[in-house]
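These notes concern the structure reproduced below.
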Amino acid sequence: MRFELSSSTCGEEEKQAIIEVMDSNTYTMGNKVREFEERFAIYFGMKYAVMANSGSSANLIATASLFYKKENPLKRGDEVIVPCISWATTFHPLQQYGLRLKFVDIDLHTLNLDTEELEKAITKNTRMIVAVSILGNPCRFDEIIKLCEENNIILFEDNCESMGAKFNGKYTGTFGLVNTFSTFFSHHISTMEGGLALTNDKEIYNLLKSLRNHGWTRGQDEDSPIFEKRDDDFFEAYRFILPGYNVRPGEIHGAIGIMQLDKLKHFLQIRRKNAEHFVNLFKNDQRFIIQREVGESSWFSFTMIINPDLNIDRKKVLQKLKDADIEHRIITGGNILRHDVIKYYNYEVIKSTNADIAHYNGFFVGNHPYDIRDKIDYLYKTLENI
Ligand SMILES: Cc1ncc(COP(=O)(O)O)c(C=O)c1O
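All letters in the sequence shown, in the order written, are residues 61 to 446 by the numbering used here.
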């Protein structure tokens with residue numbers, strides 16, 4: 061049996077949506093992207109959504125927007141607290157904008173920021189916390205928000221792995237001043253490539269729209285708070301106000317997103333059923349630490365960390381998985397401090413003990429938006445004799 065890491069979430073509806081875009085002759089960002097953004101914002105109970113060509117680009121423009129807002133903007137050299145484990149492009153925009161990163165350890169069971177360590181790491185210089193709900197599992201937003209409010213710290217949520225998860229009944233990706241999502245293939249919904257930023261702040265919303273679009277004024281709200289229209293159509297047509305990018309999505313990606321969003325609820329139900337089965341099989345297995353759910357996870361995948369107190373060689377476990385055709389990866393790219401790229405960063409490390417355990421002893425296997433309970437049984441059997 062083959063147990064894949066990921067699978068397509070698209071079907072006939074998405075094919076039809078692509079054809080409609082082709083027939084309309086509008087390929088570049090237009091009404092479909094706008095409609096997807098509006099629906100996405102409503103779905104998550106937020107005011108504004110801005111789609112980009114990836115979750116990484118959403119992180120880039122979200123970071124940039126905080127440098128260009130009028131009141132109390134971020135500045136180069138400001139201190140930002142981040143977890144040691146996340147995807148590389150959670151961190152890269154922060155590096156590119158000259159921020160100083162303070163790495164805090166993760167909780168070995170939830171895989172998210174250890175909030176006790178987080179509290180210890182905060183100083184009067186801390187300007188922002190980037191909270192990442194790892195692989196569907198919500199962060200402890202009650203504690204994080206309390207710390208942010210007490211210390212006047214901006215909360216940025218990279219929710220690229222956790223669409224549909226909830227903490228205290230509220231969707232992850234809605235707690236931060238700005239929040240990002242990925243709709244890359246294999247994520248909870250897919251637009252092939254794509255990502256979004258959500259915010260309730262009108263100024264940030266307009267900054268995001270300009271930053272994704274050359275730093276241009278095209279597409280700004282009539283009453284945009286980030287520039288004043290002048291009375292000269294000729295110059296207004298090509299007017300640049302920010303050092304932006306072109307990270308726009310194509311119209312096809314918006315059209316697919318509209319179809320996919322309708323399916324999200326159903327996909328989540330199935331992912332959670334699969335997860336129930338996985339947790340039942342492995343919860344009392346002393347050999348592995350599996351991810352402990354906080355709130356309602358959207359179960360991107362299933363993590364397993366070999367108990368560091370036991371003498372089990374991960375190489376042998378991974379070989380067994382390979383032989384059995386069970387795809388697996390390091391957990392969310394592992395501890396970023398162990399990657400070559402870290403030499404380019406301005407950073408300090410508070411502690412990374414658990415992140416290292418996850419890096420050197422952990423792996424994950426896929427979850428899917430269809431019933432994979434037989435594959436989970438197969439995983440269980442494959443690992444039986446370790
Ligand atoms: C936490 C996190 N942030 C950002 C990204 C980047 O998203 P994308 O692959 O759409 O660029 C990912 C990718 O999965 C991710 O896991």
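For glycine and all other residues, C-beta sits at the position ideal for the given N, C-alpha and C.
Every value quoted in this text rests on a predicted model; they were computed, and no experiment measured them.
| Asked | Found |
| --- | --- |
| Under 8 Å between the Cβ atoms of serine 358 and serine 66? | no |
| Please indicate yes or no: does the CB of serine 250 lie closer than 7 Å to some heavy atom of ligand 1? | no |
| Would threonine 363 be called buried (16 or more neighbouring beta carbons within 10 Å of its own) or exposed? | buried |
| If I'm right that histidine 169 touches isoleucine 349 with Cβ under 8 Å, what's the distance once you round it to whole angstroms? | 6 Å |
| Which runs of the beta strand (DSSP E) spanning at least 3 residues fall entirely within the region 131-211, listed in chain order? | 139-143, 160-164 and 186-192 |
| Pick from Ala384, Val190, Ile79 and Asn340: whose alpha carbon is nearest that of isoleucine 238? | Before going further, note that residue 238 is valine rather than isoleucine in the sequence given. It is Val190 whose Cα lies nearest to the Cα of valine 238. |
| What residue does the alpha helix (DSSP H) around phenylalanine 100 start on, and which one ends it? | 91-103 |
| Counting pairs of Cβ atoms below 8 Å between the region 315-326 and the region 99-107, do you hit three or more? | yes |
| Consider the C-beta atom of aspartate 218 and the heavy atoms of ligand 1; say whether any pair is separated by less than 7 Å. | yes |
| What span of residues does the alpha helix (DSSP H) with phenylalanine 338 cover, start to end? | 311-342 |
| Can you name, in chain order, every residue of its own chain whose Cβ lies under 6 Å from the Cβ of histidine 313, other than the five neighbours on each side? | Thr251 and Gly254 |
| Say whether the region 213-230 touches the region 191-200, bearing in mind that this needs 3 or more beta-carbon pairs closer than 8 Å, one atom from each stretch. | yes |
| Given a cut-off of 8 Å on the beta-carbon distance, is the pair aspartate 165 and threonine 413 in contact? | yes |
| May I ask you to list the residues that DSSP assigns as paired with phenylalanine 300? | Trp276 |
| Here's the rule I'm using: 16 or more other beta-carbon atoms within 10 Å means buried, otherwise exposed. How should isoleucine 417 be labelled? | buried |
| Suppose contacts are defined by Cβ-Cβ distances below 8 Å. Is isoleucine 390 in contact with histidine 419 by that definition? | yes |
| Between which two residues does the beta strand (DSSP E) holding asparagine 239 run? | 238-242 |
| Is tryptophan 147 near ligand 1, judged by its Cβ being under 7 Å from some heavy atom? | yes |
| Specify the secondary structure class of leucine 267 as computed by DSSP and reduced to three states. | helix |
| For ligand 1, I want to know if asparagine 91 counts as a neighbour, meaning its beta carbon is within less than 7 Å of at least one of the ligand's heavy atoms. | no |
| Apart from the five residues just before and just after isoleucine 410, which ones in its own chain have a Cβ nearer than 8 Å to its Cβ? | Lys162, Phe163, Val164, Asp165, Glu177, Lys180 and Ala181 |
| List the residues that DSSP assigns as beta-bridge partners of threonine 363. | Phe424 |
| Could you please give the first and the last residue of the uninterrupted alpha helix (DSSP H) stretch that includes isoleucine 121? | 115-128 |
| Is DSSP giving leucine 256 helix, strand or coil here? | strand |
| Where does leucine 215 fall in DSSP's three states? | strand |
| Grab the span of the alpha helix (DSSP H) containing alanine 77 for me, first residue to last. | 72-84 |
| Quick check: is any heavy atom of ligand 1 less than 7 Å from the C-beta of serine 242? | yes |
| Taking the alpha carbon of aspartate 293 as the point to measure from, which residue in Leu154, Thr277, Pro285 and Leu126 has its own alpha carbon closest? | Thr277 |
| Which of helix, strand or coil does DSSP assign to phenylalanine 235? | coil |
| Give me, in chain order, the residues of the same chain whose beta-carbon lies closer than 7 Å to that of serine 284; leave out the 5 immediate sequence neighbours on both sides. | Asn266 |
| To the nearest angstrom, report how far apart glutamate 74 and leucine 328 are at their CA atoms. | 18 Å |
| Rounded to the nearest angstrom, how far is the Cβ of isoleucine 330 from that of proline 429, given a contact under 8 Å? | 5 Å |
| Count the other CB atoms within 10 Å of the CB of isoleucine 79; is the residue buried (16 or more) or exposed (fewer)? | exposed |
| Measure how close the beta-carbons of leucine 154 and valine 140 come, nearest whole angstrom, since I'm counting them as under 8 Å. | 6 Å |
| What distance in whole Å lies between the Cβ atoms of threonine 234 and serine 222, which are believed to be in contact at a cut-off of 8 Å? | The pair is not a contact, with the Cβ atoms about 11 Å apart (cut-off 8 Å). |
| In the DSSP assignment, the beta strand (DSSP E) including tyrosine 108 goes from what residue to what residue? | 108-112 |
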